[in-house]
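Data block below; observations after.
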Amino acid sequence: AGTMGLRATVTRYAHERWQRVTVAGLALAAAMLALFVLLFFIIIPTVIEKMVTMQSELVEGSEVMERWKNPKFKMQFKVFVFSVKNPDQVLEGATPILKESGPYVWDKVMRHEVTSSGNGTVTFKRKVLYHFNERDSCPTCILGNRVWVPNIIYQKFVEVASRPTMRAAATTLLAQTPFLELEVGDLLFDGYKDPFLENFCDVPFVNVICQTVFGLPERIGLFYGFNNSYVDGEYTVKDGTMNIRERGDLVSFEGMDRLRKSWWTSEEALQLKGNEGSLFHPFIKRDETLWTFSNQLCRALPLKYEKDTEVMGIPTYRFRVPPETFDTAENSGYCHPTEKVFYPQQAAHERHCYPRGVMQVAKCRPNEPPAVLSMPNFNLAPEEVRRSVEGLNATDDERDSIIVDVEPTLGMPVRAHRAMQINIEFWSGKDILIPAYHTKQRSTLIPVVIVHDDAEIDDETLHKVKLELIMGQRVAAFGCYLLLLTAITLAVSTVLFALYKSGRLCQRRDGVYVADSRSEKISSGKI
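For what it's worth, our numbering labels the leading residue of the sequence shown as 353, then goes sequentially.
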C-alpha cells in the first residue's frame with residue numbers, strides 16, 4: 353500500500369509538472385507570437401517606406417524617371433463649344449443665347465524632355481501632342497462645324513479705343529464686326545486669320561494702331577500653337593534625393609523662382625510653390641495641402657483632401673481645389689484694378705474685382721487677350737453671372753471642378769480631372785463716340801468653350817501597382833492579422849487550459865455548475 357501511495361504521489365507530481373510546463377510553454381509561445389506580430393506591424397511599413405523611397409527618386413536610369421519621361425496614362429482633351437444664336441440681338445442689348453455642342457475629343461500624348469539633371473534637381477520641358485479622336489467625339493462633332501463667337505480682335509480695339517490717348521482707334525471698329533463665324537477647328541487648334549488685321553494692318557496709319565495691340569500673332573486660336581510644342585515653358589524641380597517628400601517641388605519656372613510682378617498684385621500671389629502637376633511626393637497624408645502650379649492660370653492652386661476613393665481597385669485619396677480659391681475679392685492678390693465692369697457686384701468693389709468663380713489671366717498671357725477663366729457653367733459664381741447668358745447646363749460639383757485621385761504611398765496620380773471654361777470679355781467700352789457704334793449692347797462675359805482635361809492610369813502601370821504595391825500591402829496585412837489571431841488563440845487556450853487543470857473552470861452537470869475537480873466524484877456517485 354505504501355509503494356502504491358508513493359507511486360500515485362510521483363505520478364500526480366509528474367502530471368502536475370507536465371501541466372505547468374504545458375501552460376508555461378503555451379504562454380511563452382503566445383507572448384513571443386504577440387511580440388513578433390507587434391514587430392511585424394512596426395517593421396513592414398518601415399521596409400515598404402524604404403523600398404518606395406529608393407525607387408522614387410527622380411534620377412537618370414531609375415524606373416520612376418523613365419515612367420515619368422514617357423507617361424503611358426490614358427489622356428483625353430474634351431472640348432464643348434458654345435455658339436451665340438442671336439448675335440444681332442445681343443448688339444441691341446439682348447441676353448446672349450448659347451448653343452452647346454460637343455464633346456470634340458483629342459487624345460493626348462505627353463513627353464517630359466529633360467534638359468539637365470543633377471545636384472538634387474531636374475530641368476525639363478513638357479511636350480504634348482494632340483490627335484483628334486473622331487470616334488470618341490459626338491456623332492455630329494466635325495471640325496468644320498461653324499460657330500458664332502465674340503471677335504477677340506474687335507474687343508482688343510474696344511479696349512484700345514477706350515484709352516484717352518487712343519480715341520482715334522475707335523474708327524477701326526467701323527471696319528470690324530463684334531462677332532465672327534468660325535470653323536471649330538480654326539477656333540481651337542488651327543487658328544484663323546482675323547479679317548481686319550489681314551486687310552488693314554498693312555495700311556500706314558492703321559499699322560501704327562495694330563502695333564499698339566502688342567504685336568498680334570499671324571493666326572488666332574484658343575489653343576493655337578499648343579499642339580506638338582513646348583507651350584508650358586521650362587521647369588526645374590527637386591528630384592527627391594535630398595528629401596523624398598520634396599520630390600517634384602518647383603525650384604523655378606522659366607528661370608524664375610517667383611512669378612513676374614506684372615502677373616499679380618501681392619507677394620503671396622507671386623510665390624512659386626508646389627509641383628507642376630504631373631508628379632507628387634510619396635507618403636501623402638490626408639491632412640496636408642498639395643500645391644500645384646497651373647501654367648494656364650499662372651498661379652499655384654491648393655488641393656485639399658476630400659475623401660477616400662478607389663480607382664480600378666487601387667485605394668486612393670481624393671484631393672480637390674476648394675471653392676474659396678476662386679474668390680478673387682477675398683484673395684485680392686489675384687485681382688487687377690480694371691475699368692471693365694460686367695456685373696453689379698463687380699461695380700460695388702473698389703478695385704472692380706471680378707466676381708467669385710471668375711479669374712483674370714490676361715496679364716500673364718501673350719498679348720493680354722480679353723479672356724477670363726471660370727469653372728464650367730459658371731460653377732461657384734454668383735447667380736447674376738449665370739443669369740447673364742442663356743443656354744448653360746446646371747452646375748455639377750463633380751464634373752465642373754478640378755480633382756485628382758492619388759495613390760498615397762507612391763504619390764502617383766491615378767485619375768485626374770481638370771475642368772475649365774474660357775470666356776471672352778464682351779465689353780461695350782468707355783467714351784467711344786463714333787457713328788453707328790453699338791451703344792445698346794450690354795457688357796458681359798460670353799462663354800466660348802468648356803474644357804475637360806482627363807487623365808487615367810494605363811493598364812500596364814495599373815497592373816504593376818496592384819501586383820507590387822497593393823498586393824504586397826494586403827499580403828503583409830493578412831499575415832499580420834493571421835499571426836495576431838494565432839497569438840490570441842494561443843493565449844485564450846493557455847488560460848482555459850490553466851483554469852481547467854486548476855479546478856476553477858466549471859462544467860454543467862444536471863443543471864448545476866460544479867468545479868471540474870469534483871466532477872469525477874459526481875459522476876461516480878462518491879460524493
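Every residue gets a Cβ at the ideal spot worked out from N, C-alpha and C, and that includes glycine. Source: prediction; values computed, not measured.
Distance between residue j and residue i (C-alpha atoms, nearest Å)
| i | j | result |
| --- | --- | --- |
| F425 | P455 | 20 Å |
| L450 | S408 | 48 Å |
| K782 | Q712 | 20 Å |
| D748 | S468 | 42 Å |
| N422 | N683 | 37 Å |
| V433 | P547 | 22 Å |
| L532 | P667 | 48 Å |
| I755 | E691 | 34 Å |
| A381 | A839 | 8 Å |
| S780 | D805 | 33 Å |
| R826 | H701 | 55 Å |
| P439 | Y576 | 25 Å |
| L821 | P674 | 30 Å |
| P397 | K508 | 59 Å |
| A843 | I395 | 23 Å |
| V803 | S604 | 27 Å |
| F566 | M417 | Reliability of the predicted coordinates at F566 is poor, the pLDDT of 45 falling under 50, and the value obtained from them is presented with this limitation in mind. Those two C-alpha atoms are separated by around 40 Å. |
| M608 | W615 | 13 Å |
| K816 | M823 | 10 Å |
| N729 | L387 | 58 Å |
| G863 | Y833 | The pLDDT assigned to G863 is 47, lower than 50, so where the model puts this residue is not dependable; a value taken from the coordinates is nonetheless given after this. Each residue's Cα considered, the two are about 39 Å apart. |
Where the beta strand (DSSP E) through residue i begins and ends
| i | result |
| --- | --- |
| F429 | 426-436 |
| P547 | Looking at the DSSP string, P547 is not in any beta strand (DSSP E); the run it does join, the alpha helix (DSSP H), is 547-552. |
| E511 | Segment 504-513 is the alpha helix (DSSP H) holding E511; no beta strand (DSSP E) there. |
| R463 | 450-470 |
| Q712 | 710-712 |
| E808 | 796-808 |
| V603 | 602-605 |
First through last residue of the alpha helix (DSSP H) which encompasses residue i
| i | result |
| --- | --- |
| D811 | 811-817 |
| K421 | 415-421 |
| D749 | Counting along the chain, D749 falls outside any alpha helix (DSSP H), and DSSP gives it neither H nor E. |
| A699 | 696-699 |
| V589 | Careful: V589 lies outside any alpha helix (DSSP H), inside the beta strand (DSSP E) at 586-590. |
| D440 | 439-442 |
| R738 | 735-738 |
DSSP state of residue i mapped onto helix, strand, coil
| i | result |
| --- | --- |
| A771 | strand |
| P689 | coil |
| D488 | coil |
| K656 | strand |
| D757 | strand |
| R537 | It is worth fixing the name first, because residue 537 is Gly in this sequence and not Arg. Helix, per DSSP. |
| M664 | coil |
| L611 | coil |
| P728 | helix |
| Q623 | strand |
| R597 | helix |
| E409 | coil |
| S875 | Bear in mind that the predicted position of S875 carries a pLDDT of just 42, short of 50, making it too unreliable to give a figure here. |
| L495 | coil |
| L642 | strand |
| Y482 | strand |
| V581 | It should be noted that the sequence gives Ser, not Val, for residue 581. If DSSP states are grouped into helix, strand and coil, S581 belongs with the strands. |
Inset, instruction - Inspect the CB distances between the segment 581-601 and the segment 473-483 and report whether three or more fall short of 8 Å. - result: Output reads yes: the segment 473-483 touches the segment 581-601.
Inset, instruction - Take every Cβ of the segment 732-743, pair it with every Cβ of the segment 688-707, and state whether three or more of those distances are shorter than 8 Å. - result: The way I'd put it, the segment 732-743 does touch the segment 688-707; three or more beta-carbon pairs between them come closer than 8 Å.
Legend entry - Inter-stretch contact (C-beta, 8 Å, three-pair minimum) for the segment 761-768 and the segment 490-499: The segment 761-768 and the segment 490-499 do not touch, with fewer than 3 CB-CB distances between them shorter than 8 Å.
Inset, instruction - Inspect the CB distances between the segment 656-665 and the segment 622-634 and report whether three or more fall short of 8 Å. - result: No, the segment 656-665 is not in contact with the segment 622-634.
Legend entry - the segment 714-726 in contact with the segment 592-600 per 3-pair CB rule at 8 Å: Under the 8 Å Cβ criterion, the segment 714-726 does not count as touching the segment 592-600, having fewer than three qualifying pairs.
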